[in-house]
Amino acid sequence: MGAVKGSTYRSNIRRGDAPRLVVAAARQLFSTKGYAATSIDEIAAEAGVARPTVFTAVGPKHVILKRVIDHALAGDDAPFAVADRPWFREALEEPEPARSLQLHARNLCWIAQRVGPLLRALEAAAAVDPQAAALWAEHQGQRREGMAIFAAALAAKTQLRVDEATVTDTLWALQPATYLRLVEDGGWSVDRYQRWLSDLFQRLFLQ
């Protein structure tokens with residue numbers, strides 16, 4: 000297959016740089032075009048690598064999407080789970096419940112800014128692509144686990160207005176869906192959304 004028009008294949012790219020370039024290129028394309036509409040050839044062209052390098056450096060398209068989302072969730076490519084990140088631990092270990100919820104709202108905004116458009120692309124792809132559907136289900140499960148960790152920590156600090164399971168479900172359902180509706184679609188600023196989310200959490204969960 001010929002090169003995609005506009006390709007700037009760079010033969011001098013170091014092997015260790017290829018995964019980073021492929022992930023960065025795919026993130027841009029998935030966010031703007033969607034998963035289904037993005038081809039491996041386009042990812043290769045955007046990354047400046049040969050088509051086979053995309054597969055050897057990262058893998059097939061659904062694996063690339065998983066790598067892109069994992070990177071966006073964490074904020075970097077360091078091998079640490081989101082729950083082990085200092086910013087997540089800060090919210091988790093904050094002793095004052097209202098402040099803990101403020102920090103959690105901040106963290107969720109950070110994540111939504113990075114991963115929101117990608118999750119839209121993944122959800123749309125999941126409707127037609129079995130591999131994307133499996134990745135979507137895996138992501139939803141992992142996200143619920145993260146919310147459950149925070150809900151348990153919050154419940155240990157204070158008497159809540161609702162039970163711990165309801166906190167988990169509410170956090171999982173609200174975010175990033177409301178960010179996409181209010182910020183991406185509705186034109187809210189991120190600061191306004193973060194203040195609203197923090198206030199909502201406190202009114203829903205704290206007595």
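Taking numbering that gives the first Met the number 0, the leading residue of the sequence shown gets 0, the next gets one more, and so forth.
Each residue gets a CB set at the ideal place from its N, CA and C atoms; glycine is no exception.
- Task: Give the straight-line distance between the Cα atoms of Leu205 and Glu137, rounded to the nearest whole angstrom.
- Result: 30 Å
- CA nearest to the CA of Ala120, picked from Ala56, Trp109, Ala24 and Thr37: Thr37
- Nonlocal neighbours in the same chain, by C-beta distance under 7 Å from Lys60, ignoring five residues either side: Ile39
- Message: Tell me which residue opens and which closes the alpha helix (DSSP H) that Pro94 is part of.
- Response: First-last for Pro94: undefined, no H or E at that position.
- Query: With burial defined as no fewer than 16 other Cβ atoms inside 10 Å of the residue's Cβ, what is the status of Thr167: buried or exposed?
  - Reply: buried
- CA-to-CA distance, Arg26 to Ala2, given in whole angstroms: Bear in mind that the predicted position of Ala2 carries a pLDDT of just 44, short of 50, making it too unreliable to give a figure here.
- Span separating the alpha-carbon of Pro94 from that of Lys156: 7 Å
- Distance between Leu179 and Pro116 (C-alpha atoms, nearest Å): 8 Å
- Task: Run the CB neighbour count on Ser99, radius 10 Å, all protein chains shown included, and call it buried at 16 or more, exposed below.
- Result: buried
- Query: Where does the unbroken alpha helix (DSSP H) through Thr167 begin, and where does it stop?
  - Reply: Glu163 to Leu173
- Query: What are the start and end residues of the alpha helix (DSSP H) that includes Val21?
  - Reply: Ala17 to Lys32
- Query: Counting along the chain, where does the alpha helix (DSSP H) carrying Arg191 start and finish?
  - Reply: Val189 to Phe204
- C-alpha distance - Thr169 paired with Arg202, whole-angstrom precision: 12 Å
- Task: Determine whether the Cβ of Gly185 lies closer than 8 Å to any Cβ atom of chain B.
- Result: You won't find chain B in this structure, because it holds only one protein chain.
- Task: Measure the alpha-carbon distance for Asp16 versus Ala23 and round it to whole angstroms.
- Result: 11 Å
- Query: Which word fits Thr224, buried or exposed, when buried means at least 16 other C-beta atoms lie within 10 angstroms of its C-beta?
  - Reply: Missing from the structure shown is residue 224; the chain here goes from 0 to 206 and no further.
- Task: Tell me Leu159's beta-bridge partners as DSSP assigns them.
- Result: Leu205
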